[in-house]
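Remarks on the structure that follows.
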Amino acid sequence: AQSVSQHNHHVILSEAASLELGCNYSYGGTVNLFWYVQYPGQHLQLLLKYFSGDPLVKGIKGFEAEFIKSKFSFNLRKPSVQWSDTAEYFCAAQHGSSNTGKLIFGQGTTLQVKP
Amino acid sequence: EAGVAQSPRYKIIEKRQSVAFWCNPISGHATLYWYQQILGQGPKLLIQFQNNGVVDDSQLPKDRFSAERLKGVDSTLKIQPAKLEDSAVYLCASSRQGTGEQYFGPGTRLTVT
Chain W
1 AQSVSQHNHH VILSEAASLE LGCNYSYGGT VNLFWYVQYP GQHLQLLLKY FSGDPLVKGI
61 KGFEAEFIKS KFSFNLRKPS VQWSDTAEYF CAAQHGSSNT GKLIFGQGTT LQVKP
Chain E
116 EAGVAQSPRY KIIEKRQSVA FWCNPISGHA TLYWYQQILG QGPKLLIQFQ NNGVVDDSQL
176 PKDRFSAERL KGVDSTLKIQ PAKLEDSAVY LCASSRQGTG EQYFGPGTRL TVT
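Here the protein sequences line up with chains W and E, keeping their order.
Here the numbering used here is used: position 107 in the first sequence is 107, and no number is missing along the way.
Here the numbering used here is used: position 22 in the second sequence is 137, and no number is missing along the way.
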């Protein structure tokens with residue numbers, strides 16, 4: 001069965017620290033990958049997406065993610081976090097043959113950035 | 116452009132009661148999704164519409180949940196009768212044909228007591 005796994009449930013960092021959130025997917029076939037963010041009190045927003053091409057994807061607010069096909073991974077990174085990055089982060093996968101297909105989400109990682 | 120609209124934002128009901136949620140997708144978005152997000156978990160698809168036709172309802176508990184998208188625009192999701200385990204946030208999302216990106220609404224937080 002298709003699944004997405006996020007390694008960390010809760011991450012606490014100080015401002016300016018580097019961030020890496022792990023995401024692994026289980027899927028046999030072409031896959032589209034996403035990272036969504038949910039800031040406190042707000043709705044889910046797209047951070048970045050990978051469909052094909054360059055496996056290093058850059059998103060909004062300085063975030064980037066790297067697709068490593070051999071490891072079935074799509075980890076999210078940011079070199080220096082800010083207090084405003086405090087949020088919940090979700091990794092999601094979609095069948096690559098249909099870009100209107102359902103998203104399969106991981107359980108989410110809560111990031112708390114201390115000022 | 117206006118985002119995905121959902122109402123109500125919050126709803127508290129007793130078990131065995133019925134409840135309905137409404138969603139208005141972004142104008143021009145042919146695909147509409149309803150997801151259920153239980154506390155501590157990621158969203159899980161309940162049903163997907165393409166215009167007014169159902170594409171995927173494999174994870175919809177059809178004995179109590181129903182959804183419709185008349186005229187291919189607005190959609191309603193109904194639960195009848197509700198159970199305690201239906202307590203969750205119900206998210207509506209929409210996407211434009213060919214883009215792959217789903218836009219989410221603010222969600223409806225349902226508490227069943």
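Glycine is no exception: its CB is placed at the ideal position from the N, C-alpha and C atoms.
Can you list the residues of chain E that residue i reaches, using a CB-CB cut of under 7 angstroms?
i	result
W/F63	Ordered by position in chain E, no residue passes the 7 angstroms Cβ test against W/F63, which lies about 16 angstroms from the chain.
W/H43	F219, G220, P221, G222
W/N24	None at all; the shortest Cβ gap to chain E is about 14 angstroms.
W/Q117	For residue 117 of chain W there is no data in the structure shown, the boundaries of chain W being 1 and 115.
What did DSSP end up calling residue i once you bin it into helix, strand or coil?
i	result
E/K186	helix
E/D201	helix
W/K49	strand
W/S97	coil
E/D171	strand
W/I60	helix
W/K69	helix
E/S133	coil
E/S181	strand
W/S84	helix
E/Y218	strand
E/Q212	coil
W/Q18	It is worth fixing the name first, because residue 18 of chain W is Ser in this sequence and not Gln. Note: W/S18 maps to coil in three-state DSSP.
E/A120	strand
According to DSSP, residue i sits in a beta bridge with which residue or residues?
i	result
E/I162	E/W149
E/K126	E/L225
W/H43	Answer by DSSP bridge pairing: none, since W/H43 is not bridged.
W/V31	W/H95
W/Q107	The partner list for W/Q107 (beta bridge, DSSP) is empty, contrary to what the question assumes.
E/I141	None; E/I141 has no bridge partner.
E/L192	E/F136, E/A182
W/N75	W/E66
Report yes if the C-beta distance between residue i and residue j is below 8 angstroms; otherwise report no.
i	j	result
E/L146	E/S190	First, the residue type needs correcting, since residue 146 of chain E is Thr and not Leu in the sequence shown. For E/T146 and E/S190, no; Cβs fall outside 8 angstroms.
W/K102	E/Y148	yes
E/L297	E/F136	Limits of chain E in this structure are 116 at one end and 228 at the other, which puts residue 297 of chain E out of reach.
E/V227	E/A197	yes
W/E15	W/K114	yes
W/L48	W/K58	yes
W/G96	W/Q6	no
Listing by chain order, which chain E residues have their CB less than 9 angstroms from the CB of residue i?
i	result
W/Q29	In the sequence as displayed, the identity of residue 29 of chain W is Gly instead of Gln. Ordered by position in chain E, no residue passes the 9 angstroms Cβ test against W/G29, which lies about 15 angstroms from the chain.
W/K49	G215, E216
Output, in chain order, the set of chain W residues within a Cβ distance shorter than 7 angstroms of residue i.
i	result
E/G187	Neighbours of E/G187 on chain W: none; closest Cβ ~14 angstroms, over 7 angstroms.
Find the residues of chain W that neighbour residue i, judging by a C-beta separation of less than 9 angstroms, and give them in chain order.
i	result
E/P196	Under the 9 angstroms cutoff, chain W gives no residues; its nearest Cβ is about 26 angstroms from E/P196.
E/Y205	By Cβ distance, chain W contributes nothing, its closest Cβ being about 12 angstroms from E/Y205, past 9 angstroms.
Note down, in chain order, every chain W residue with its Cβ under 8 angstroms from the Cβ of residue i.
i	result
E/Q212	T100
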